[in-house]
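Accompanying notes for the structure given below.
There are 2 protein chains.
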Amino acid sequence: MAVGSGTVGLRTVREANLGVVLRTIRESAPCSRAAVAAATGLNKTTVSSLVADLMARRLVRETGRTAQSGVGRPGVLLDLDDTSVAALGLEVNVDYLSVVAVDLVQRELTARHMPFDAREAGPQESARRIVAALREAAADPAVRGRTVVGAGIAVPGLVDAPSGIVRRAPNLGWSDFPLGGRADALGFPVRVDNDANLGAVAEYRVGSFAGTPDLVYVTGEVGIGAGVLTGGALLRGAGGFAGELGHLALDPGGPECSCGRRGCLEAMAGIGAILRDALPDLAPGRPLSGADVAALVDTAVGRAAAGDAVAVAALERAGNRLGRGLAALVNLVDPGLVLLGGYFVPMCPWLLPPCRTALAAGVFAPDAGGCRVEPSALGLSAAARGGAAGVIHALDSGALPLPEPADAP
Amino acid sequence: MAVGSGTVGLRTVREANLGVVLRTIRESAPCSRAAVAAATGLNKTTVSSLVADLMARRLVRETGRTAQSGVGRPGVLLDLDDTSVAALGLEVNVDYLSVVAVDLVQRELTARHMPFDAREAGPQESARRIVAALREAAADPAVRGRTVVGAGIAVPGLVDAPSGIVRRAPNLGWSDFPLGGRADALGFPVRVDNDANLGAVAEYRVGSFAGTPDLVYVTGEVGIGAGVLTGGALLRGAGGFAGELGHLALDPGGPECSCGRRGCLEAMAGIGAILRDALPDLAPGRPLSGADVAALVDTAVGRAAAGDAVAVAALERAGNRLGRGLAALVNLVDPGLVLLGGYFVPMCPWLLPPCRTALAAGVFAPDAGGCRVEPSALGLSAAARGGAAGVIHALDSGALPLPEPADAP
Numbered sequence: 001m002a003v004g005s006g007t008v009g010l011r012t013v014r015e016a017n018l019g020v021v022l023r024t025i026r027e028s029a030p031c032s033r034a035a036v037a038a039a040t041g042l043n044k045t046t047v048s049s050l051v052a053d054l055m056a057r058r059l060v061r062e063t064g065r066t067a068q069s070g071v072g073r074p075g076v077l078l079d080l081d082d083t084s085v086a087a088l089g090l091e092v093n094v095d096y097l098s099v100v101a102v103d104l105v106q107r108e109l110t111a112r113h114m115p116f117d118a119r120e121a122g123p124q125e126s127a128r129r130i131v132a133a134l135r136e137a138a139a140d141p142a143v144r145g146r147t148v149v150g151a152g153i154a155v156p157g158l159v160d161a162p163s164g165i166v167r168r169a170p171n172l173g174w175s176d177f178p179l180g181g182r183a184d185a186l187g188f189p190v191r192v193d194n195d196a197n198l199g200a201v202a203e204y205r206v207g208s209f210a211g212t213p214d215l216v217y218v219t220g221e222v223g224i225g226a227g228v229l230t231g232g233a234l235l236r237g238a239g240g241f242a243g244e245l246g247h248l249a250l251d252p253g254g255p256e257c258s259c260g261r262r263g264c265l266e267a268m269a270g271i272g273a274i275l276r277d278a279l280p281d282l283a284p285g286r287p288l289s290g291a292d293v294a295a296l297v298d299t300a301v302g303r304a305a306a307g308d309a310v311a312v313a314a315l316e317r318a319g320n321r322l323g324r325g326l327a328a329l330v331n332l333v334d335p336g337l338v339l340l341g342g343y344f345v346p347m348c349p350w351l352l353p354p355c356r357t358a359l360a361a362g363v364f365a366p367d368a369g370g371c372r373v374e375p376s377a378l379g380l381s382a383a384a385r386g387g388a389a390g391v392i393h394a395l396d397s398g399a400l401p402l403p404e405p406a407d408a409p
Numbered sequence: 001m002a003v004g005s006g007t008v009g010l011r012t013v014r015e016a017n018l019g020v021v022l023r024t025i026r027e028s029a030p031c032s033r034a035a036v037a038a039a040t041g042l043n044k045t046t047v048s049s050l051v052a053d054l055m056a057r058r059l060v061r062e063t064g065r066t067a068q069s070g071v072g073r074p075g076v077l078l079d080l081d082d083t084s085v086a087a088l089g090l091e092v093n094v095d096y097l098s099v100v101a102v103d104l105v106q107r108e109l110t111a112r113h114m115p116f117d118a119r120e121a122g123p124q125e126s127a128r129r130i131v132a133a134l135r136e137a138a139a140d141p142a143v144r145g146r147t148v149v150g151a152g153i154a155v156p157g158l159v160d161a162p163s164g165i166v167r168r169a170p171n172l173g174w175s176d177f178p179l180g181g182r183a184d185a186l187g188f189p190v191r192v193d194n195d196a197n198l199g200a201v202a203e204y205r206v207g208s209f210a211g212t213p214d215l216v217y218v219t220g221e222v223g224i225g226a227g228v229l230t231g232g233a234l235l236r237g238a239g240g241f242a243g244e245l246g247h248l249a250l251d252p253g254g255p256e257c258s259c260g261r262r263g264c265l266e267a268m269a270g271i272g273a274i275l276r277d278a279l280p281d282l283a284p285g286r287p288l289s290g291a292d293v294a295a296l297v298d299t300a301v302g303r304a305a306a307g308d309a310v311a312v313a314a315l316e317r318a319g320n321r322l323g324r325g326l327a328a329l330v331n332l333v334d335p336g337l338v339l340l341g342g343y344f345v346p347m348c349p350w351l352l353p354p355c356r357t358a359l360a361a362g363v364f365a366p367d368a369g370g371c372r373v374e375p376s377a378l379g380l381s382a383a384a385r386g387g388a389a390g391v392i393h394a395l396d397s398g399a400l401p402l403p404e405p406a407d408a409p
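As they're listed, the protein sequences go chains A and B. For the first sequence, our numbering assigns the number 1 to the initial residue and increments by one for each residue that follows. For the second sequence, our numbering assigns the number 1 to the initial residue and increments by one for each residue that follows.
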């Protein structure tokens with residue numbers, strides 16, 4: 001399709017309107033063209049033209065049923081076409097790669113969880129593995145044949161999202177690494193963001209408390225980060241660095257942290273700290289990496305479930321520390337809901353009671369400011385799911401190019 | 001003017017459009033009607049009608065000059081009419097009432113600062129004094145003859161702004177007090193909010209860094225609170241309780257705080273704590289109140305300026321503690337700019353160097369996340385100024401009723 005320079009502005013408006021109609025159908029499907037016109041304020045002719053365009057792009061389809069009520073000709077009902085596109089999400093963390101693909105209605109098409117030692121691999125080799133994993137996901141039988149509209153990559157550290165540069169990820173040993181640029185050859189847009197931010201996006205879009213506009217997602221990995229959602233939008237801060245819950249100073253005399261400071265929350269209640277405390281006979285003194293983590297978490301949870309006093313005490317101590325850290329967050333941000341993610345999830349039976357007690361004790365507003373703390377239902381794929389969910393949301397908001405019509409040259 | 005129920009919706013749209021035109025003239029004055037039409041997308045006839053309405057309400061006036069350029073008839077230039085309305089702001093704090101009145105262009109018309117012991121007076125008597133102070137301000141020679149369009153009241157504590165109820169203000173000894181309702185008889189709308197929130201509004205609207213969309217204002221009173229602005233909007237949180245910086249746990253073994261906990265930031269670096277530390281011979285052991293505070297602050301600053309080692313060490317210690325508290329805020333919220341207000345301002349020469357050092361040491365992002373810490377230029381009237389500034393802003397945004405046209409019955 002030839003687009004003269006004079007029509008670029010109009011085309012942009014049309015793309016935005018396509019996004020508006022797509023979002024409206026998502027929210028009200030099954031619905032008629034007339035209902036879309038009523039909901040958007042666009043006139044019926046425009047809506048018909050936009051719907052035709054979305055159908056040509058295989059994002060919308062007619063259900064074959066008609067609207068029951070109303071005057072005039074019965075309207076054919078529309079729905080999202082969930083058969084044509086896919087969005088990918090990937091998380092790289094200290095000990096794994098997690099990859100997911102979702103369709104237009106955020107349904108999971110495929111998911112893979114691979115042990116991976118990102119610290120040992122280093123940034124260049126990790127980038128190669130990340131690109132390969134995204135290629136494999138795009139070639140997965142459940143995805144092949146669909147148009148991949150984009151991918152979101154989650155990294156545990158400070159990320160400059162617009163440029164795709166990982167500024168500082170001490171638990172991976174990376175700094176100032178242009179990860180986004182390494183994925184240019186994939187043929188679809190790729191966006192890099194902080195793992196906690198994408199976890200919060202996942203909770204907002206597809207989690208157990210989906211739609212809650214004020215919430216915090218806390219990563220439970222070797223590192224601890226917080227993704228803060230206020231009014232349904234990520235709180236990024238002036239420099240994009242908000243949510244560094246793991247580096248809250250909890251105890252100036254505490255253990256050394258990967259960031260070089262002492263007594264940070266993640267040095268006292270991150271998964272590495274918990275495992276060293278809960279499994280003094282098994283956990284290595286060195287920083288945890290690679291395949292160690294998942295197996296050790298299983299062992300610690302197993303021992304706690306069997307009543308092992310050392311393991312139980314370690315988890316309860318960590319819960320108390322988490323609660324003290326969350327109290328600072330709740331005093332400052334008042335999120336209403338905190339979801340504990342990652343490896344914290346299987347530990348929640350022991351973490352949550354002391355965590356909630358410490359939170360209530362540390363929050364100035366009565367009754368912990370009304371803030372609930374709950375386990376995430378998204379497990380270790382939360383950040384990857386958030387990466388994919390963000391891509392689908394970008395389609396709706398006109399922030400990503402839509403797939404070309406099927407009959408385009 | 002009789003308004004049939006069928007036209008209420010239209011009238012609301014018109015009020016909103018009046019606000020849009022008012023804001024546009026504020027931002028671009030002096031400007032022609034044609035320029036307003038171009039900036040708003042409203043057609044020229046509509047703009048002319050709205051401008052006529054705003055002129056009848058004495059919010060806009062013609063300057064008498066005409067636009068120099070452009071085709072067609074030269075446009076008469078418009079400006080805000082700063083002679084007809086006033087907005088009031090009042091802060092009640094542990095040791096004073098501060099009252100200001102501003103005009104439509106946020107210029108200060110009058111300001112009064114009165115020693116007042118709010119804790120000793122109790123909530124009922126304080127409410128009477130607050131209402132009396134607002135009445136006096138409305139009757140001030142600089143205000144009399146203007147239409148008072150509203151007032152904003154600042155309180156150091158948890159405030160439920162929509163209902164006007166002060167939930168918890170431990171430094172005043174108030175809880176669940178319906179302050180907003182006590183001001184109903186004033187004849188203009190009154191809104192109650194947290195003092196730090198209104199300080200942040202004042203910084204954003206009229207402070208030295210006005211227009212900075214991400215900033216935090218920190219109150220420096222007996223209590224410490226933070227008003228957090230992100231993207232130009234107050235971060236209120238799920239329950240409206242965000243910004244409780246003063247009750248961040250700094251040292252579990254620290255001194256007792258007014259909230260009943262130990263080692264909160266305000267118990268270690270609030271003005272009461274600083275004075276007890278800097279003036280061991282003068283500051284009372286009991287909680288500070290009433291007229292004590294201002295005089296003791298003067299003495300402490302005077303001694304520090306004269307090189308008194310005890311006073312200097314106390315201020316520097318407080319600066320370090322403030323920096324540690326701000327590090328938590330910057331790690332979580334990444335505000336880019338923190339303004340220290342109230343009694344912290346005269347102490348800044350001693351507070352700021354150790355504060356900035358502790359901040360840089362405690363923030364995970366490099367270079368303190370790029371966050372600057374500066375003294376507020378608004379002194380003890382910041383929160384009152386913010387209350388008044390919020391009223392003027394509410395006019396522009398259509399959130400407050402505009403004054404009736406001068407020729408209305």
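We treat Cβ as the ideally placed atom computed from N, Cα and C, and that holds for glycine. Note that the structure is a prediction, hence the values are computed from the model and not measured.
Residue contact check for ASP334 of chain A against chain B: a CB pair falls below 8 Å. For ALA169 of chain B, the nearest beta carbon of chain A is not closer than 8 Å to its own beta carbon. By the criterion of a C-beta distance shorter than 7 Å, ARG276 of chain A is surrounded in its chain by ALA283, once the five residues flanking it on both sides are discounted. Closest in alpha carbon position to LEU234 of chain A, among A:GLY173, A:GLY386 and A:VAL363, is A:GLY386. TYR217 of chain B carries a strand assignment under DSSP once its states are collapsed to helix, strand and coil. In this structure, DSSP gives GLY227 of chain A an extended state, which the three-state scheme calls strand.
In the DSSP secondary-structure assignment, TYR96 of chain A is bridged to A:PRO115.
Between the stretch 51 to 61 of chain A and the stretch 116 to 125 of chain A, the count of C-beta pairs closer than 8 Å stays below three; the two stretches do not touch. Look at VAL363 of chain B here: in three-state DSSP terms it is coil, with no helix or strand label. ARG236 of chain B and ALA67 of chain B have their C-alpha atoms roughly 43 Å apart. In the three-state scheme derived from DSSP, where H, G and I count as helix and E and B as strand, ARG167 of chain A is classed as strand. Nearest to VAL363 of chain A by alpha-carbon distance, out of B:LEU158, B:GLY319, B:VAL190 and B:PRO405, is B:LEU158. In terms of beta-carbon proximity, ASP214 of chain A lines the interface with chain B, with at least one pair separated by less than 8 Å.
Scanning B:VAL297, B:ALA278 and B:LEU250 for the CA closest to the CA of ALA309 of chain B turns up B:ALA278. The beta carbon of THR219 of chain A does not come within 8 Å of any beta carbon belonging to chain B, so the residue lies off that interface. Collapsing the DSSP output to three states places ARG65 of chain B in a strand. Closest in C-alpha terms to GLU266 of chain B, from the list B:LEU248, B:GLY180, B:GLY253 and B:GLY207, comes B:LEU248. Taking the CA atoms as reference points, LEU90 of chain A sits about 17 Å from GLY223 of chain A. When C-alpha distances from ALA327 of chain B are compared across B:PHE344, B:THR357 and B:LEU80, the shortest belongs to B:THR357.
Beyond the five residues adjoining it in sequence on each side, VAL20 of chain B comes within less than 7 Å, by CB distance, of THR40 in the same chain, given in chain order.
Around the Cβ of SER163 of chain B, a 10 Å sphere holds fewer than 16 other Cβ atoms; the residue is exposed. Interface criterion not met: the Cβ of CYS355 of chain A is under 8 Å from no Cβ in chain B.
Per the coordinates, the alpha-carbon of VAL100 of chain B lies some 19 Å from the alpha-carbon of ARG182 of chain B. At a cut-off of 8 Å, the C-beta of ASN197 of chain B has no neighbouring C-beta in chain A.
For the set B:GLY341, B:LEU329 and B:ALA389, the Cα lying nearest the Cα of ALA365 of chain B is the one of B:LEU329. Rounded to the nearest whole angstrom, the C-alpha separation of ASP367 of chain B and ASP214 of chain B is 17 Å. Burial state of ALA118 of chain B is buried, judged by a 10 Å Cβ sphere holding 16 or more other Cβ atoms.
Under the three-state reduction of DSSP, GLU256 of chain B is assigned to strand. For VAL143 of chain A, the closest C-alpha among the options A:MET114, A:ALA161, A:GLY173 and A:LEU104 is that of A:LEU104. Sequence-distant partners of TRP350 of chain B (beyond 5 residues in either direction) whose C-beta falls short of 7 Å from its own C-beta, in its chain, are ALA304, VAL312, LEU315, GLU316 and GLY319. If you check each beta-carbon in the stretch 355 to 377 of chain A against every beta-carbon of chain B, the ones closer than 9 Å belong to ALA361, GLY362, VAL363, PHE364, ALA365, PRO366, GLY369, GLY370 and CYS371.
Along the length of the stretch 335 to 392 of chain B, whole alpha helix (DSSP H) runs at least 4 residues long occupy 344 to 362, reported in chain order.
Between GLY246 of chain A and GLY225 of chain A, the CB-CB gap stays under 8 Å.
Interface residue (Cβ-Cβ distance to chain A less than 8 Å): PHE177 of chain B is not classified as such. Only buried fits ASN331 of chain A, as 16 or more other CB atoms lie within 10 angstroms of its CB. Excluding the 5 residues flanking it on each side, CYS257 of chain B has same chain C-beta neighbours closer than 6 Å at CYS264 and ALA267, in chain order.
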